[in-house]
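For the sequence shown, the positions run 1 to 478 when UniProt numbering is used. Heads up, the beta-carbon is just placed ideally off N, CA and C, and yes, glycines get one too.
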Amino acid sequence: MAPPAPEPPLHVMLVCFPGQGHINPFLRLANLLASHGLRVTFTINLSTARKMKSLPSSQRRSQELKLEPNTSSSSHSGAAVHFDFFDDGHDEESIKRVPLDQLMTLLEQTGRRALPEMVRKYADQGSPVSCFVSNPFLPWVSDVAATLDIPCAVLWIQSCASFTTYYHFHNKLAEFPTPEDQERDVVLPGMPVMKHDEIPSFLHPTTPYGFLATAILGQFAHLDNVFCVLMETFERLEEEIIGHVSSFCKVRPVGPLWLGAKASVGPGDLMEADDDCIGWLDRQEPRSVVYVSMGSIVGISAQQRVEMAHGLMGSGLPFLWVVRPSHEEGEDADLGLPEGLGERGKVVRWVPQEAVLGHVAVSCFVTHCGWNSTLEAIGSGKPVVAFPQWGDQVTDAKFLGEVFRVGVRMGRGDTWTKLVTREEVERCLREVTVGPRAEEMRENAARWKREAEAAVEEGGSSERNVREFVEEVKKKSV
Ligand code: UDX
1 MAPPAPEPPL HVMLVCFPGQ GHINPFLRLA NLLASHGLRV TFTINLSTAR KMKSLPSSQR
61 RSQELKLEPN TSSSSHSGAA VHFDFFDDGH DEESIKRVPL DQLMTLLEQT GRRALPEMVR
121 KYADQGSPVS CFVSNPFLPW VSDVAATLDI PCAVLWIQSC ASFTTYYHFH NKLAEFPTPE
181 DQERDVVLPG MPVMKHDEIP SFLHPTTPYG FLATAILGQF AHLDNVFCVL METFERLEEE
241 IIGHVSSFCK VRPVGPLWLG AKASVGPGDL MEADDDCIGW LDRQEPRSVV YVSMGSIVGI
301 SAQQRVEMAH GLMGSGLPFL WVVRPSHEEG EDADLGLPEG LGERGKVVRW VPQEAVLGHV
361 AVSCFVTHCG WNSTLEAIGS GKPVVAFPQW GDQVTDAKFL GEVFRVGVRM GRGDTWTKLV
421 TREEVERCLR EVTVGPRAEE MRENAARWKR EAEAAVEEGG SSERNVREFV EEVKKKSV
């Protein structure tokens with residue numbers, strides 16, 4: 001008698017928002033779950049998928065973006081990362097011109113139609129979807145999951161500190177700055193006191209980014225729809241805060257995902273990386289280079305670029321600077337950088353950041369403190385100069401400086417409008433590279449690197465949380 005056909009692996013569908021800061025942790029989680037024997041479908045809108053460098057270029061260009069599943073991620077039969085897409089009616093160029101608030105609506109309209117069709121398709125193929133993982137910017141995914149009677153988790157891609165701050169704001173559980181009292185401190189359980197310019201800036205009454213707050217807070221209105229919040233952090237990093245959040249919400253810290261996920265699909269870069277930056281780093285002295293990057297969205301003003309350039313030159317240190325014109329200037333605008341900048345440093349538009357931060361030549365990281373960059377700095381053991389611009393970045397900067405004690409803060413609050421001078425840039429670079437304070441930050445950074453590695457090792461807190469999540473999905477699917 002023929003042996004019974006093997007059960008198809010559990011099938012988890014990840015639905016990702018089209019931003020680099022979301023794609024990276026989602027792809028990493030996809031790899032991680034596949035390595036635990038799950039079939040994972042990574043779902044995103046088509047016009048963004050066409051730009052993802054993890055997809056072979058012939059397929060990115062093809063009319064019908066149909067991909068062979070990646071099967072190298074796991075030895076389990078059928079377990080792998082697959083891709084699927086929903087058509088947003090745009091191409092790679094026109095999607096860039098859709099304002100963010102309209103993009104949110106477009107994704108919701110097209111995604112709400114497409115996801116049930118995908119779910120039906122997979123059921124017909126004998127690989128029914130057992131669980132959704134939604135994105136904090138796509139709270140409607142949990143509604144779709146509920147109507148299809150499929151369990152839904154969410155991957156929170158920012159810190160637990162930001163999560164609890166948004167949660168308390170949404171549920172009116174704490175006092176926040178108001179138009180009448182703009183400088184009020186915010187006091188939350190398990191957290192250090194936050195000054196008015198240390199809470200995620202979208203929550204401040206003077207913020208010009210109202211709809212972003214609405215988008216993020218949407219997740220909190222849908223929290224009852226998700227059975228668990230997977231969080232891109234690790235227990236030792238935010239112990240007390242995670243402890244408190246666990247009292248009102250099922251939270252599973254699974255990070256740093258970039259360290260835990262044995263990458264087989266990826267990276268999901270939307271931009272082409274400079275192909276000589278690692279070679280250039282190889283030619284520099286160990287622990288000498290300042291790496292500067294403001295992530296994937298933030299563009300600093302022309303005037304700020306000039307101050308940054310002079311500060312870097314004045315520091316006398318070699319530097320690798322990822323810099324692009326701001327959104328308002330347009331991607332082809334001239335950077336207007338001073339003459340002679342290239343003598344000590346290398347200026348590029350995009351780098352493989354994990355490899356750069358892991359390079360022995362890099363001594364410190366000037367960062368805008370996006371949460372991915374923050375965790376990549378922590379997991380690489382590199383001290384930072386924190387130069388936050390908006391959103392959760394200001395909160396991350398506070399934690400990097402005052403709680404994790406691996407960096408100094410450059411500028412305060414929402415720095416879009418405030419110029420940080422060349423002297424301030426130089427002063428911060430000195431503080432983080434020379435003297436006893438710099439030594440202390442290096443030691444702290446090395447300690448956090450060890451903690452991060454321990455969290456993702458077998459038996460570590462994040463590894464255990466991923467295993468328990470997989471078990472939970474298994475139980476829910478029987
Ligand atoms: C966004 C928000 O701005 C941020 O506040 C939030 O915490 C996450 O979502 P982004 O600004 O792009 O993210 O910053 P970040 O979170 O640091 O993510 C950027 C990603 O791009 C990182 O994973 C980084 O490694 C990668 N990157 C950046 C590169 O690979 N190469 C580069 O040259 C620059």
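Contact under 7 angstroms by Cβ, residue i with residue j
| i | j | result |
| --- | --- | --- |
| R305 | R324 | no |
| F17 | F137 | yes |
| A273 | V351 | yes |
| A386 | A377 | no |
| H22 | N135 | yes |
| L46 | F85 | yes |
| G311 | R422 | yes |
| V133 | L14 | yes |
| V366 | V434 | no |
| Q284 | A215 | no |
| G295 | S380 | no |
| Y122 | P116 | no |
| V425 | P383 | no |
| G210 | P139 | no |
| M410 | V420 | yes |
| L341 | A309 | yes |
| G290 | C364 | Strictly speaking, residue 290 in this sequence is Val, with Gly absent from that position. Their beta carbons are under 7 angstroms apart, which means V290 touches C364 by this criterion. |
| P9 | G37 | yes |
| I300 | A355 | no |
| L148 | V119 | yes |
| E451 | R236 | yes |
Beta-carbon contacts of residue i that lie in its chain and below 6 angstroms, excluding the five residues immediately before and after
| i | result |
| --- | --- |
| M52 | G268 |
| K346 | W280, L320 |
| L230 | A153, L155, R252, V254 |
| C369 | A386, P388, Q393, D396, A397 |
| T41 | M13, H82, D84 |
| N444 | R405, V406 |
| residue 480 | Absent from the model: residue 480. The displayed extent of the chain is 1 to 478, so no value can be given. |
Own chain partners of residue i with C-beta closer than 8 angstroms, once the 5 adjacent residues on each side are dropped
| i | result |
| --- | --- |
| G171 | According to the sequence provided, residue 171 is Asn. The question's Gly does not apply to it. So the list reads F220, once near-sequence residues are dropped. |
| K476 | S130, C131, P151, F227 |
| L103 | P18, I95 |
| A146 | C152, N225 |
| G358 | S380 |
| G336 | A302, R305, V306 |
| A114 | F86, D87 |
| S43 | Reading off the sequence, residue 43 comes out as Thr, not Ser. The answer, listed in chain order, is M13, L14, V15, C16, F83, D84, F85, F86, L115, M118. |
| D124 | none |
Sequence-distant residues of its chain with Cβ nearer than 7 angstroms to residue i (five each side left out)
| i | result |
| --- | --- |
| S462 | F234, P253, V254, G255, G260, A455, V456 |
| R464 | none |
| I241 | C160, A161, T164, G190, M191 |
| F188 | Strictly speaking, residue 188 in this sequence is Leu, with Phe absent from that position. Within the same chain, L188 has close Cβ partners T164, T165, H168, A174. |
| Q63 | Confidence is the limiting factor: at Q63 the pLDDT is only 46, short of 50, which leaves the residue's position unreliable, though a coordinate-based value still follows. Contacts found: none. |
| E198 | V394, T395, K398 |
| Q182 | H196, P205, T206 |
| N344 | According to the sequence as given, residue 344 is Arg; it is not Asn. If we look at R344 and ignore the five residues flanking it on each side, its Cβ neighbours are M313, P318, F319. |
| L257 | P25, R28, L29, L32, E232 |
| R112 | W140, V144 |
| S74 | Because S74 carries a pLDDT of 35, less than 50, the predicted location of this residue cannot be relied on, and no value is offered for it. |
Enumerate, from N- to C-terminal direction, the unbroken alpha helix (DSSP H) stretches of 4 or more residues contained entirely within the region 74-142.
-> Runs of the alpha helix (DSSP H) inside the region 74-142: 100-124.
Please go through the region 403-444 and give each complete alpha helix (DSSP H) segment of 4 or more residues, from N-terminal end onward.
-> 422-433
Residue ranges of each alpha helix (DSSP H) within the region 298-379, 4 or longer | 302-315, 353-357
Is there contact between the region 246-265 and the region 314-331, where contact requires at least three CB pairs shorter than 8 angstroms?
-> They do not touch, by the three-pair rule.
Would you check if the region 452-459 and the region 389-399 touch, i.e. whether three or more CB-CB distances between them fall below 8 angstroms?
-> The region 389-399 makes no contact with the region 452-459, as fewer than three CB pairs between them are under 8 angstroms.
Which ranges does the alpha helix (DSSP H) cover as unbroken runs of at least 4 residues, wholly within the region 236-274, from first to last along the chain?
-> With a minimum length of 4 residues, the continuous alpha helix (DSSP H) runs that stay inside the region 236-274 are 239-245, 257-260.
Where in the region 148-218 do unbroken runs of the beta strand (DSSP E), each at least 3 residues long, occur, reported from the N-terminal end onward?
-> 152-156
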